[in-house]
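Working notes, structure below.
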Amino acid sequence: MNRKISVGMAVTIVILAMTVTFSITMLIAMRLFDSTVSSVKEKESMYNKVAEVDRYVRSNDYYTIDETVLYDRLTAGYLLGTGDKYARYYTANAYTELMNQQSGKVMGIGVELGMDQTGYARVTRVYEDSPAQEAGIVVGDYITAIDGTDVKSLSGVDAVQSRLQGEAGTIVNVTWLDSKAASRTTDLTHSGYTSTTVDYQMLDSVGYIKIRQFDGSTPSELDYAIRSLTTSGAQSLVFDLRDNGGGVLDDAISCIDLIAPEGTVAYAEDKNGNRTIIGSSDDESKVELPIVCLVNGNTASAAELFAASLRTMNGARLVGATTMGKGTIQSSPQRLSDGSAVSITVAKLICGDGSCFDGTGLSVDVERALSAEETTNFYAYTPEDDPQIQRAVSAAQQLSGTTTLGGVNEAASSAAASEEADSAATEPENASSEETASSTEAASSAE
2 MNRKISVGMA VTIVILAMTV TFSITMLIAM RLFDSTVSSV KEKESMYNKV
52 AEVDRYVRSN DYYTIDETVL YDRLTAGYLL GTGDKYARYY TANAYTELMN
102 QQSGKVMGIG VELGMDQTGY ARVTRVYEDS PAQEAGIVVG DYITAIDGTD
152 VKSLSGVDAV QSRLQGEAGT IVNVTWLDSK AASRTTDLTH SGYTSTTVDY
202 QMLDSVGYIK IRQFDGSTPS ELDYAIRSLT TSGAQSLVFD LRDNGGGVLD
252 DAISCIDLIA PEGTVAYAED KNGNRTIIGS SDDESKVELP IVCLVNGNTA
302 SAAELFAASL RTMNGARLVG ATTMGKGTIQ SSPQRLSDGS AVSITVAKLI
352 CGDGSCFDGT GLSVDVERAL SAEETTNFYA YTPEDDPQIQ RAVSAAQQLS
402 GTTTLGGVNE AASSAAASEE ADSAATEPEN ASSEETASST EAASSAE
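Written out as structure tokens, the structure reads:
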């Protein structure tokens, strides 16, 4: 039997529902208002404090304030205060320089450099048809001065890089020491040259591939290298990722897609724990050969994702030393109204299997550290005599069942060298040498 509700009762129910809805809405609005007011008060307090310091300094400081420097450092200090260790502030000039580099307007002289214990920039690579090659600069030379400025007075390889760059057609004066310790000086004209990110060659039955960084050209270069090596009869592959600081994440994922079977490669995880797939691989071009990834403490970010993905998806073995552990994603530089820019961390990088290497790095399957003597000779090694490369080649040969007597001997000698390195690391008098080894491997950049 149907029960009818009187008009009065219906009106009462509607009014009651509206009252409850209004009350809930007001409660939420009041909480939001209180939160906003609290935030405004906190910001006002912060700005008042800065203004108070500013008034005191301007009234009493002995030094004259450079307003541009002050504002730049205030902004940089704000980012530092957020606790985001990968946040970066670009001055207007630095941002313009970055854009010019990416557009190809600013060029180097065609060398890769590494800072070592001498304080000078050692040449670790010279590009074909570059100004440096034409001037006679070769691997192993030391750049000692740029436009009359002693390289030792510059703050690291990035500063050296900046000094060597310039617009096409401009001139930079470079002084360097050659292999006979003879000082040479010449003017180099900035001009175009081909800069590659991938080198490859056969080492016995192993295809060796060095990936220096990941950028827009890397996927096509890597695809060509893999095809060339497999055509040449490679029974296994070694990917050398030492000192690869990452680069463009999307390009690294494209490289993984060339090698890995079908599956998810990476997620981006926001601060609330929400995950979004940012990379996958298909099954069209997977590599069936045994794989070894050679890594060290300067293998970071996208390069770590590359190694981790090949380990879980292709069964690759990792040789070398634990990686850096930079598993976060940064935004592209956001331009500000005055021409400066900021880049901040926007997400955590999660591997396709759900693991994360941020803060911990990737542990290796085969430890092969460099001894103090080997570290000193690091930039002088070739793939044929580099002890870490030879250990990786030996591991690859073992995986493919093509181990040679030389490979067995190398495995034994590298184990002894690793023990020597571990022993040296525990001795106080060798602590500074270990720190130097780390810094030597840390800075390798292209000019």
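Here the sequence shown stands for residues 2 to 448, numbered as in my numbering.
Yeah, the Cβ is synthetic: ideal placement off N, Cα and C, and Gly gets one too.
To which residues does DSSP link residue i through a beta bridge?
i, result
"T150", "I147"
"A122", "M116, I144"
"E270", "R276, K349"
"Y90", "V343"
"Q335", "V343"
"D188", "N174"
"G264", "S282"
"V293", "V239, R318"
"V127", "V112"
Quick one: Cα of residue i to Cα of residue j, how far?
i, j, result
"T383", "N275", "45 Å"
"A267", "I279", "6 Å"
"I249", "T300", "Reading off the sequence, residue 249 comes out as Val, not Ile. Cα-Cα distance, rounded: 14 Å."
"D251", "I257", "10 Å"
"S338", "S332", "18 Å"
"I351", "Y64", "48 Å"
"D67", "S341", "17 Å"
"E430", "F379", "With a pLDDT of 39 at E430, under the threshold of 50, the modelled position of that residue is not reliable, and no figure is offered here."
"G170", "S131", "13 Å"
"S163", "S372", "32 Å"
"T83", "Q214", "28 Å"
"M325", "D241", "15 Å"
"T313", "G137", "45 Å"
"R126", "L178", "15 Å"
"A393", "I260", "18 Å"
"A397", "D244", "20 Å"
"N61", "T150", "35 Å"
"Y79", "S184", "44 Å"
"S233", "E305", "28 Å"
"A146", "T403", "48 Å"
"G316", "T219", "22 Å"
"I390", "L295", "7 Å"
"S255", "S282", "8 Å"
"G109", "Y48", "42 Å"
"T1", "E289", "Past the boundaries of the shown model lies residue 1; the chain is included only from 2 to 448, so the question cannot be answered."
"L400", "G328", "29 Å"
"K181", "E98", "36 Å"
"V347", "A269", "9 Å"
Determine the DSSP secondary structure at residue i, reduced to helix, strand or coil.
i, result
"G78", "helix"
"R276", "strand"
"V51", "helix"
"K106", "coil"
"A317", "coil"
"K211", "strand"
"I516", "The structure shown does not extend to residue 516, since the chain spans only 2 to 448, so no value can be given for it."
"T69", "helix"
"L238", "strand"
"Y64", "coil"
"Y201", "strand"
"V249", "coil"
"V139", "coil"
"V161", "helix"
"V288", "coil"
"D179", "coil"
"D224", "helix"
"A301", "coil"
"M325", "coil"
"L155", "coil"
"Y57", "helix"
"D1", "This structure does not reach residue 1, given that the chain is present from 2 up to 448, and the question cannot be answered."
"Y96", "helix"
"T231", "helix"
In terms of alpha-carbon separation, which member of the options lies closest to residue i?
i, options, result
"I345", "I260, G360, Q335", "Q335"
"T187", "N94, D73, L75, V173", "V173"
"M100", "E135, T76, Q118, G167", "G167"
"T198", "E263, E289, Y128, I147", "Y128"
"S154", "A122, A52, M47, R392", "A122"
"L81", "V343, D354, Q391, V320", "V343"
"E368", "V320, S395, L230", "V320"
"L204", "S196, D62, V175, A235", "A235"
"A309", "L363, A52, T119", "L363"
"A322", "H191, L238, N297, R74", "N297"
"V124", "S156, V161, Y96", "V161"
"A93", "A77, A348, F358, K272", "A77"
"S229", "G246, V239, V139, Q202", "Q202"
"Q134", "G264, T97, Y209, T195", "T195"
"T190", "S302, L165, S180", "L165"
"D359", "D366, K349, L223, E43", "K349"
Could I get the ranges of all uninterrupted beta strand (DSSP E) runs contained in the segment 343 to 415, with 3 residues as the minimum, in chain order? Taking only runs of at least 3 residues, the beta strand (DSSP E) segments lying wholly in the segment 343 to 415 are 346 to 352.
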